[in-house]
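Participant: Let me give you the structure first, and then I'll get to my questions.
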Amino acid sequence: MEISLTLNARPISISVEPAMLLVELLREQLSLTGTHVGCDTSQCGACLVHFNGESVKSCTMLAISADGGSVMTVEGLSAAGLAKLHPMQQAFHDNHGLQCGFCTPGMLMSAVDLVGRNPDPSETEVRDWLEGNLCRCTGYHNIVKSVIAGAAAMRDAK
Amino acid sequence: MSMSKVIGIGAAPKRKEDLRFVTGRGNYVADIKRPGMVFGAFLRSPHAHARLEAIDVTAARAMAGVVAIYTGEDLKADNVGGLPVGWGIHGKDGNPMKEPPHPPIAHGKVRHVGDAVAFVVADSVEQARSAAEVIEVQYEILPAVVSVVEALQAGAPAVYDDIPDNLCCDWELGDAAAVEAAFADAAHVASIELVNNRLIGNPMEPRAAIGEYDFASGQHTLWTTSQFPHVVRFLMGEFVLHIPQHKLRVVAPDVGGGFGVKQFHYAEEAVVTWAAAKLGRPVKWVCERSEGFLSDAHGRDHFTEADLALDESGKFLGLRVRTLANMGGYLSTFGPNIPTNLYAPLLSGVYRMPAIHCSVKVVFTNTVPVDAYRGAGRPEATFVLERLVDVAAIEMGIDKRAIRRRNMIPTEAYPYQTPVIVEYDSGDPIGCLDRAEKLADVDGFEQRRLESARRGKHRGLGLSTYVEACGLAPSRLAGSLGARGGLYESATVRVHPTGAVTVLIGTHNHGQGHETTFAQIVSDRLGVPFEDIDIVCGDTAKVQFGMGTYGSRSLVVGGAALSKAADKVILKGRKIAAHQLEADLGDIVFEAGEFSVAGTDRKKKFTEIAGAAYVPFDYPLETLEPGLEEQAYYDPVNFTYPGGAHFAEVEIDPDTGTVTLERYTAVDDVGTIINPMIVEGQLQGGIAQGVGQALFEHAVYDESSGQLLSGSFMDYCMPRADNFPAIVVAPHSTTCTHTPMGVKGCGECGTIGSPAAVINAVVDALQPLGITHVDMPATPNRIWNIIRNSRAALAAE
């Protein structure tokens, strides 16, 4: 099937199998390997992307469901590309919010969605929001710190 | 980003490796595509124990896209060997452990749910998986045994026909007679029976492997999610596939967490490498999470009875420990070493313990193989000792901190020889405890407990101290304990003509921040700007050799090799400078990136000397080779012994049984700290994994069918962000006396100290109900039942 969507701010048209998951389209067909697969039960959140501006787990969405919509992955998070990090990416770097990096793209996308809904989240709100994203390295401590710092930077950038 | 300057030891630069990860440009094995690549899927046994009677692949082979199907018989016919064990232990009778073969794909029998039965290669993953489902296997289902206690009962099913008692090894350490004498003199004996729950490490990146073969060169390549690519090359090349070392390249690129789970040589690595050569096409396998639950080596799984003898003042006289340790259906790479050599030698903890005896029965069951998981033996030892100390304190009416202080090794008593092999070089357990109790506001606990009680909640405070042996390992000592290889590390410092540096090191970075920490060491030693240093690891075609990353060894052993190599660079640089400055070598000093003649203003910059080494016009060519690249191997003289004191504070809701971790405070002695930001991150993450063991995680097998009941993230409870308070970590370091920089390692501290701290807090909270022990994990269900039963018992009195 031919689908059309906006991917990281660029319009694309592409042929996909009907049973293909969005994460497979991104990783296998489009080589956007920043979106990761960490489980098979929609628990870990490593595959989290934005669809029409909201976070979705791309392992639980068919590629064809993205037809006509807008998808953003971690590769497209910074409008400036690699020239300048998104404030949330910068906050994760500044606050040691990542270790092995595998959960990081999902964490970033989830955090940016949270700040879009709640520009000044409390620590408790951040922890509750991230309940759908697993990290095995950090104990979440510095991720929470990063999200709060990233939220502040996003407020300042407005 | 960092500026162009020296960033040395003790600074906290942001990590070099972050940029690729925050922008989605990491390069994990699952991200790699090779030309002409095909995809593999394993058919795995649905039975815990069965004889393989017949495998019919006819229908599967005819399916769309299928390239090949291989069974264990095919591998056997091609002379593929079994997966080797890297550590052989001996029983107390002097006999070697039982070491049955471990074929990469089963033949004859399957021994656990998830044991590989066939490997399907197809044009797509979906086609391979679909075909695997069509393979017809006739199993003769046999009775299975999953628990260590059951496996040792008379008449239990035998995992191996020729090992009817399921006993791999009956091992011991210590002086049984001295312990019996200590117990005979004891004023009090405290006893405990406990389970160390089986865990599944679950790094967030599932395992993956790609094999490739180049006919023209005869070169095999394996990309794998490994913590130790050189060891995989050796074990797989030498013992399994019989590929000469120079014809086998193993690459472990970005790896998404390891925690021990990725430090073994796995069957899948051998199968994809073998199949790629058979097919002449790259073969890729990516583990699904639920498949990982059934094929990643598990951790822990002990049943233990232990007794502590004390005099009337609460001083420890002796410790007696009897443990049954589950090995699963096969011996994994380091399996037998974990509940023996990495367990019993730590049972003295941070205490003067005059006599110790530990016996360990290492047992086969019909479960996934058990091997090292973060901490590996040391959390188990800490849990036994620190639970037992709490039980003794309660029974004798001594304050839990006081009984510990009374028995701790004072800092001036180091080096301290324990009765169980190890000699601690340095430490300050009392100092750690002093600092931890202040940071944890132990004085304010009673107030907080009363406040919780007003809300109908039980609040508890738990303390655990610990010591660990890390920096694995002094080769000669390890060899005497059964290691089948050396445990040194290697590093090459390659100074480029411009003075920029590439380091090639045999450890592996999979989250620990080595690219940053090691660059700080080089920047510090050579005075080279931090940003002019790159660290390369994880590729046997680039890095000379290495034992990899596990056992908190990377900085301790790898960093020491790096430091040694830097010393050699400095020495050669001094020789070049002596020539150019027309001075004696002994008069050349190197400081802050400059070689100078002592007491003069004559000097050469590091960059000038590097340039001269590669453009050797003004150079002592008669006595010195050109170039500036030095390599060092470092074999540690002892283990290092990080330690510390951890306080956990929990609140329990008696109506639901829910345990909430309210506070966590850790003070750790990790020796010299290179990058405090990274060390704190390691501690926080380690603590979360230990809290996970104490409160949430449990790999549960059905006793009769041998099915893994907790086989997905829906069933196996992983710790999440909302399970934690902010974690307080602080250092209280003493300097290691035998490592070049005084470092001790920090990767496992958190996981070792925390389970006992949390459970001691849970028991403390429930002590008013007469409860003296709670097994892990302290789930709401377990706690609710304990509270209900104890209330019923109290009411009946």
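Protein chains in written order, with the working numbering: chain V, 4 to 161; chain E, 405 to 1201. For glycine and all other residues, C-beta sits at the position ideal for the given N, C-alpha and C.
(1) Consider the Cβ of N11/V: report whether some Cβ of chain E lies at a distance smaller than 8 Å.
(2) From the DSSP output, read off the bridge partner residues of W689/E.
(3) I'd like the list of long-range same chain contacts for R30/V, defined as Cβ closer than 7 Å, with 5 residues on each side in sequence excluded.
(4) For the alpha helix (DSSP H) that V654/E lies in, which residues bound it at each end?
(5) Which residues in chain E have a C-beta closer than 7 Å to the C-beta of P108/V? List them in chain order.
(6) Residues in its own chain within less than 7 Å of D116/V by CB, not counting five upstream and five downstream?
(7) Under 8 Å between the Cβ atoms of P1046/E and C874/E?
(8) Would H453/E pass as a contact of L556/E if the rule is Cβ separation under 8 Å?
(9) Is DSSP giving K513/E helix, strand or coil here?
(10) Is DSSP giving V77/V helix, strand or coil here?
(11) For G48/V, which residues of its own chain have a beta-carbon under 6 Å away from its beta-carbon, when the five flanking residues on both sides are left out?
(12) Where does I825/E fall in DSSP's three states?
(13) Quick check on DSSP: helix, strand or coil for L137/V?
(14) Given this structure, state the Cα-to-Cα distance separating A674/E from D1059/E, to the nearest angstrom.
(15) Counting only runs that start and end within the stretch 1096 to 1128 of chain E, where is the alpha helix (DSSP H) found for 4 or more residues in a row?
(16) Mind listing the chain E neighbours of G153/V? Cutoff is C-beta to C-beta under 8 Å, in chain order.
(17) Using a Cβ-Cβ cutoff of less than 7 Å, which residues in the same chain neighbour D1119/E once the five nearest sequence positions on both sides are dropped?
(18) To the nearest angstrom, report how far apart E799/E and L24/V are at their CA atoms.
(19) To the nearest angstrom, how far is the alpha carbon of R685/E from that of A882/E?
(20) With C-beta atoms as the reference, is Q531/E less than 8 Å away from M467/E?
(21) What did DSSP end up calling M405/E once you bin it into helix, strand or coil?
(22) Going by DSSP, what residues sit across from F720/E in a beta bridge?
(23) Out of G41/V, L28/V, I6/V, which one is the CA nearest neighbour of F697/E?
(24) For A415/E and A1092/E, I'd like the C-alpha separation in whole angstroms.
(25) From what residue to what residue does the alpha helix (DSSP H) around A560/E run?
(26) Output yes if chain E places a C-beta closer than 8 Å to the C-beta of F164/V; else output no.
(27) Taking the C-alpha atoms as reference points, what is the distance between G1048/E and G1089/E?
(28) Near I596/E, what residues of its chain come up, given a Cβ to Cβ distance below 7 Å and the 5 sequence neighbours on each side ignored?
(29) From I459/E to I539/E, what distance separates their C-alpha atoms?
(30) Let me check one thing: in DSSP terms, what residues is G860/E bridge-paired to?
(31) Can you grab the Cα-Cα spacing for the pair I413/E / L101/V, in whole Å?
(32) Rounded to a whole number of angstroms, what is the C-alpha to C-alpha distance between M405/E and K418/E?
(33) If contact means a Cβ-Cβ distance below 9 Å, which residues of the stretch 595 to 607 of chain E contact chain V?
(34) Can you list, in chain order, the residues of its chain whose CB lies under 7 Å from that of A12/V, leaving out five sequence neighbours each side?
(35) Nearest-angstrom Cα distance between Q623/E and E477/E?
(36) Would the stretch 500 to 520 of chain E and the stretch 911 to 922 of chain E be scored as touching if the rule is three or more Cβ pairs under 8 Å?
Facilitator: With the given structure in hand:
(1) Taking Cβ atoms only, chain E never reaches closer than 8 Å to N11/V, which makes this a no.
(2) For W689/E, which the question treats as bridged, DSSP gives the partners A613/E.
(3) Result list for R30/V: T36, T38, in chain order.
(4) Per DSSP, V654/E lies in no alpha helix (DSSP H) segment; the continuous beta strand (DSSP E) that holds it begins and ends at 652 to 655.
(5) Going along chain E in sequence order, the residues near P108/V (Cβ under 7 Å) are G428.
(6) In the same chain as D116/V, and ignoring 5 residues on each side of it, the C-beta atoms closer than 7 Å to its own belong to H53, E57, S58, in chain order.
(7) Remark: C-beta atoms of P1046/E and C874/E approach each other more closely than 8 Å.
(8) Not a contact, by the Cβ cut-off of 8 Å.
(9) Here K513/E sits in strand by DSSP.
(10) If DSSP states are grouped into helix, strand and coil, V77/V belongs with the helices.
(11) Its chain contains G109, G135, N136 as the residues whose beta carbon lies nearer than 6 Å to that of G48/V, once the 5 sequence neighbours on both sides are disregarded; these appear in chain order.
(12) In the three-state reduction of the DSSP assignment, I825/E falls in the coil class, being assigned neither a helical nor a strand state.
(13) In this structure, L137/V counts as coil in the three-state DSSP scheme.
(14) So the alpha carbons of these two residues sit roughly 52 Å apart.
(15) Correct list: empty.
(16) For G153/V, no chain E residue has a Cβ inside 8 Å of its Cβ, as the nearest lies near 11 Å away.
(17) Excluding sequence positions up to five before and after D1119/E, its CB lies within less than 7 Å of the CB of L1113, all in the same chain and listed in chain order.
(18) When rounded, the distance between both Cα atoms is 59 Å.
(19) Near 40 Å, if we compare the C-alpha coordinates of A882/E and R685/E.
(20) Contact annotation: Q531/E and M467/E have beta-carbon atoms nearer than 8 Å.
(21) Below a pLDDT of 50, predicted positions are generally treated as unreliable, and M405/E, at 37, falls in that range; the measurement from the model is reported next regardless. Three-state DSSP puts M405/E in coil, outside helix and strand.
(22) Beta-bridge analysis with DSSP links F720/E to L714/E.
(23) Ranking the options by Cα distance to F697/E, first place goes to G41/V.
(24) Taken atom to atom, the span from the alpha-carbon of A415/E to that of A1092/E is near 25 Å.
(25) Boundaries cannot be given for A560/E, as no alpha helix (DSSP H) includes it and DSSP labels it neither H nor E.
(26) This structure cannot settle anything about residue 164/V, because the visible part of chain V is limited to 4 through 161.
(27) If you take the alpha carbons of G1048/E and G1089/E, they lie about 16 Å apart.
(28) These residues qualify, in order along the chain: A710, R791, L792, V795, H1177.
(29) For I459/E and I539/E, the distance between alpha carbons rounds to 7 Å.
(30) BP columns for G860/E are empty, so no partner.
(31) For I413/E and L101/V, the distance between alpha carbons rounds to 21 Å.
(32) Reliability of the predicted coordinates at M405/E is poor, the pLDDT of 37 falling under 50, and the value obtained from them is presented with this limitation in mind. Rounded to the nearest angstrom, the gap between the Cα atoms of M405/E and K418/E is 7 Å.
(33) So the list reads G605, N606, P607, given in the order they occur along the chain.
(34) Contacts found: G79.
(35) Taken atom to atom, the span from the alpha-carbon of Q623/E to that of E477/E is near 25 Å.
(36) No, because fewer than three Cβ pairs between the stretch 500 to 520 of chain E and the stretch 911 to 922 of chain E fall closer than 8 Å, the two stretches do not touch.
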